[in-house]
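The next block holds one structure in the form of structure tokens; read it before the comments.
Chains as they are written, first to last, in our numbering: chain P, 57 to 410; chain G, 52 to 194.
In structure tokens:
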């Protein structure tokens, strides 16, 4: 039996149906923007999930390509399709939102009664809409002017939508750095400023593959990279003499340098590696010292940072982190002092030596 | 254990929780704070989640942790006050309680607060929103 289109089912007075109509109109605007701007198509594989990106306009295309082209895929099948457009380039925008100013919540959340098939969020800075239709497997990213996208967001474009797609496939976006060799991966998780990025970048320079310095995807206990750009504080740039590696491609308004991970060390590869350990950097502990961390302490170190950093209700991510830590040994890793000792400790974990 | 209804309930959806090896981790999305509860505080939290009254379960808590009922009854109110003050639960206490009261004895549930990610949310300009003619929010220059 043919399924009636959602548009025919829409009841004008119903809030969920108003959102459904809004979502359809936003998607129609995105498709129109694709035609208007001769969009750049980028097919990528995120944790082996084939996703087609339609990047409308030069700005969004260059941002997407810089951060995600390392995941380029030739897969003809597409599990989801995402359009990214802005009004400045396309002259198009979604209809006025069917919610009021009181609906905006922290962490890009919207207090709206969305139908179960629709995920919707709005980031106030700089002002961007994320909309994902779980049934149709289509996503829309929209903002007024993509040139206003802050530097720190340019390194992680489409994060909310890629998280939505990944979750549908039981793949989990974690706030963690990750490093790997051919056979294994180590997650580096913890609070901001604990040394995740410095450790991951230090590993890359020492010849260990860096899968990401801030965000990665875990699926079936394998760690996959997502974004090919790392961010380094000025002290990390100085400590590791990063300007000699010709990897700096820009910076952001927070004073951090942006680095192309592929230029730092070994080739950046998109395939997943089994996670063999989770380490939590501890700057007050001697460099390279590994101490087993009980799972509850590890959940405390890893869970909230992922839940708070990732858009949306993080309950499912918290649950996933807890389950992962039931299967994976966790360690506190001292990062105070000589970075070569820190890298050596991680190398030992990857090689199965403790 | 008593199933008397509690007047407190978790502050959903702002608060999420995950219990692991008998210890709960709570995250408050409204404040950006997160919390570690020891085993005793986790038992109290689980009662609240199950919509049971911790006070009505005082004897069961005492039996479980080898404490006296008096110790549990003395320690519960400050913990519940703290949960309320941290906006982890909503509802009402039966009587005013000073959250600074330090519980003693065998039953001394503790809640550790972590504030290092507060800035992440404090920067969110949700109170500065203005809606323009298009219906989309505009932030003041400099936000």
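Backbone N, C-alpha and C define an ideal beta-carbon position, used for all residues, glycine too.
_Completely contained beta strand (DSSP E) runs for the stretch 289-359 of chain P, where each covers 3 or more residues_ = Within the stretch 289-359 of chain P, the complete beta strand (DSSP E) runs of at least 3 residues fall at 304-307, 313-316, 329-342 and 346-348.
Measure from the C-beta of residue 64(G) to each C-beta in chain P and report whether the shortest distance is under 8 Å.
So, interface residue.
Could you confirm whether any beta carbon from chain G is found closer than 8 Å to the beta carbon of residue 374(P)?
True, the Cβ-Cβ gap to chain G drops below 8 Å.
Please name the residue in 115(P), 113(P), 100(P) and 162(P) whose C-alpha comes closest to that of residue 133(P).
Checked all of 115(P), 113(P), 100(P) and 162(P); the closest Cα to residue 133(P) is 100(P).
| field | When 244(P), 307(P) and 321(P) are compared against residue 263(P), the one with the closest alpha-carbon | value | For residue 263(P), the nearest C-alpha among the options comes from 321(P).
| request: Check each candidate in 110(G), 117(G), 109(G) and 100(G) and name the one with the smallest Cα separation from residue 142(G). | output: The candidate whose alpha carbon is nearest that of residue 142(G) is 100(G).
Can you look up residue 287(P) in the DSSP assignment and give me helix, strand or coil?
Three-state result, residue 287(P): strand.
| Since residue 199(P) sits in a beta bridge, which residues does DSSP pair it with? | Residue 199(P) pairs with 142(P) and 184(P).
(request) Report back the beta-carbon spacing between residue 160(G) and residue 89(G) to the nearest angstrom; my notes put them in contact at under 8 Å. (result) Cβ-Cβ separation between residue 160(G) and residue 89(G): approximately 6 Å, consistent with a contact (criterion under 8 Å).
Whole-angstrom C-beta distance between residue 103(P) and residue 291(P), which should lie under 8 Å = Not really, about 32 Å apart at Cβ, beyond 8 Å.
From the beta carbon of residue 117(G), is the nearest beta carbon of chain P less than 8 Å away? The beta carbon of residue 117(G) sits no closer than 8 Å to any beta carbon of chain P.
* Asked: Out of curiosity, what's the CA-to-CA distance linking residue 363(P) and residue 189(G)?
  -> Computed Cα separation, rounded: 27 Å.
### Task
Would you mind reading off the limits of the alpha helix (DSSP H) that contains residue 121(P)?
Where residue 121(P) is concerned, the enclosing alpha helix (DSSP H) stretches over 114-124.
**Asked** chain P partners of residue 81(G), CB-CB under 9 Å?
**Response** Simply 161 and 162.
> Between the C-alpha atoms of residue 43(P) and residue 193(P), what's the straight-line distance to the nearest angstrom?
Replying inline: Limits of chain P in this structure are 57 at one end and 410 at the other, which puts residue 43(P) out of reach.
*What does residue 352(P) touch in chain G if you count any residue whose Cβ is under 7 Å from its own?*
Simply 71, 72 and 74.
Report task. Tell me whether residue 235(P) sits in a helix, a strand or coil according to DSSP, three-state version. Result -> Residue 235(P) falls in the strand class under three-state DSSP.
Burial state of residue 128(P), where buried means 16 or more other Cβ atoms lie within 10 Å:
By the beta-carbon neighbour count (other beta carbons within 10 angstroms, threshold 16), residue 128(P) is exposed.
### Start-to-end residues for the beta strand (DSSP E) that takes in residue 163(G)
First-last of the beta strand (DSSP E) with residue 163(G): 162-165.
Evaluate the contact criterion for the stretch 223-234 of chain P versus the stretch 198-206 of chain P: three or more CB pairs, one atom per stretch, below 8 Å.
Result no; under three Cβ-Cβ pairs closer than 8 Å.
Margin query: Any beta carbon from chain P within less than 8 Å of residue 182(G)'s own beta carbon?
Written below: With 8 Å as the cut-off, residue 182(G) counts as an interface residue toward chain P.
Practice prompt. Give the DSSP bridge partners of residue 194(P), in chain order.
Written response: Its beta-bridge partners are 137(P) and 189(P).
Specify, as a first and last residue, the run of the alpha helix (DSSP H) that residue 253(P) falls within. Residues 252-261.
Residue 132(G) to residue 408(P) span [Cα, whole Å]
When rounded, the distance between both Cα atoms is 48 Å.
So which residues of chain G does residue 146(P) contact, with C-beta pairs closer than 7 Å?
-> Going along chain G, no residue has its Cβ under 7 Å from residue 146(P), so there is no contact; the nearest lies around 15 Å.
- Could you work out which residue in 210(P), 164(P) and 357(P) is closest to residue 310(P) when comparing CA atoms only? For the residues 210(P), 164(P) and 357(P), the minimum Cα distance to residue 310(P) belongs to 210(P).
Nearest CA to the CA of residue 281(P): which residue from 183(P), 197(P) and 212(P)? Looking at the Cα atoms, 212(P) is the closest of the given residues.
Can you confirm whether residue 235(P), when its beta carbon is compared against all beta carbons of chain G, has any partner nearer than 8 Å? With its beta carbon at least 8 Å from every one in chain G, residue 235(P) lies outside the interface.
Would you check if the stretch 182-197 of chain P and the stretch 137-148 of chain P touch, i.e. whether three or more CB-CB distances between them fall below 8 Å? These segments touch.
Counting only the same chain and skipping the five closest in sequence on each side, list residues whose C-beta sits under 6 Å from that of residue 378(P).
Closer than 6 Å at the Cβ level, and outside the excluded window around residue 378(P), lie 355.
Would you please verify whether the beta carbon of residue 336(P) is less than 8 Å from any beta carbon of chain G?
Closer than 8 Å: no.
### Message
Check whether chain G comes within 8 Å of residue 125(P), counting only Cβ atoms and requiring the distance to be less than that.
### Response
False, the Cβ-Cβ gap to chain G never drops below 8 Å.
Kindly indicate which three-state DSSP category residue 176(P) falls into: helix, strand or coil? Residue 176(P) falls in the strand class under three-state DSSP.
Which residues, in chain order, does the stretch 117-138 of chain G contribute to contact with chain P at a C-beta distance below 9 Å? The residues in question: there are none.
- [ ] May I ask you to list the residues that DSSP assigns as paired with residue 268(P)?
- [x] Beta-bridge pairing links residue 268(P) to 234(P).
Worksheet entry | Cutoff 7 Å; reference residue 85(P); Cβ partners in own chain excluding five residues on either side | 148, 149 and 150.
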